[in-house]
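K.L.:
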Amino acid sequence: MTTLPNRPNTALLVIDVQNGVVADAHNRDGVIANINDLVDRARAQDVPVVWVQHSDEHLQRDSDEWRYVPELTRRDAESLVHKNYGDSFEATDLEELLAEHGVGHLVVTGAQTDACIRSTMHGAFTRGYDVTLVGDAHTTDDAGEGLPSAAQVIAHTNLYWHWQNAPGRHASTVETAKVTFDAT
1 MTTLPNRPNT ALLVIDVQNG VVADAHNRDG VIANINDLVD RARAQDVPVV WVQHSDEHLQ
61 RDSDEWRYVP ELTRRDAESL VHKNYGDSFE ATDLEELLAE HGVGHLVVTG AQTDACIRST
121 MHGAFTRGYD VTLVGDAHTT DDAGEGLPSA AQVIAHTNLY WHWQNAPGRH ASTVETAKVT
181 FDAT
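Throughout the sequence shown, residue numbering follows UniProt numbering, covering 1 to 184 in sequence.
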């Protein structure tokens, strides 16, 4: 139901599951296992898997912290988008890559829930994409005393995206086991 014309396909986004990003993340191993499951299922169904990798002054390109976690393996034929901003669309070729594949629906996984996941979801939704957040395949760190815990941030984000809609497009939150890569 995307507002983007001639974009019936779905892609899986794997955002910033990098050593330095998820080192202290809530349920790190469980989230990575769920992402691995989704990557395997997407590949089996010939759904594009798009890997997004962040770098900035705190996450230096080519450092060990910048690399994707060793439990996840990107295939050479799968797209890799390098970004410097929270929204994976900002100053990247992500939109062109998705257009090339006729993608109008994004299934979103990765880190950090309260930063790059939220920014990319909003960026996609306002650009006309249907978006599905995989509720048990994104994570973040505890931000500190007096702030919501990582579990609370994740739960709130899942709730927020479960109810979003706009003319001609919608968002949803589903668990890994219920993900389908059909166009919405």
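The beta carbon of each residue, even a glycine, is placed where N, CA and C say it ideally should be. A quick note: this is a predicted structure, and the numbers were derived from the prediction, not measured.
Could you give the C-beta distance for His101 and Ala11, rounded to a whole number, given that I count them as a contact under 8 Å?
P.N.:
Beta-carbon to beta-carbon, His101 and Ala11 are separated by about 6 Å, close enough to satisfy the 8 Å threshold.
K.L.:
Among Val131, Glu57, Gln164, which residue has its Cα nearest to the Cα of Phe181?
P.N.:
Measuring from the Cα of Phe181, the nearest candidate turns out to be Val131.
K.L.:
Curious, which full-length beta strand (DSSP E) runs of at least 3 residues does the region 118-177 contain?
P.N.:
Listed in chain order, they are 130-139, 169-174.
K.L.:
I'd like to confirm the pairing. Which residues does DSSP put opposite residue 185 in its beta bridges?
P.N.:
The structure shown does not extend to residue 185, since the chain spans only 1 to 184, so no value can be given for it.
K.L.:
Am I right that Trp66 and Val14 are in contact with their C-beta atoms under 8 Å? What's the rounded C-beta distance?
P.N.:
Incorrect: roughly 15 Å between the Cβ atoms, too far for contact.
K.L.:
So, helix, strand or coil for Leu80, using DSSP?
P.N.:
strand
K.L.:
Whose CA, out of Glu95, Pro70, Thr140, lies closest to the CA of Val81?
P.N.:
Glu95
K.L.:
Take the Cβ of Ala137 as the centre, count every other Cβ of all protein chains shown within 10 Å, and call the residue buried at 16 or more, exposed below.
P.N.:
buried
K.L.:
Which class does Leu97 belong to by DSSP, given the choice of helix, strand or coil?
P.N.:
helix
K.L.:
Val153 to Gln112, Cα distance in whole Å?
P.N.:
10 Å
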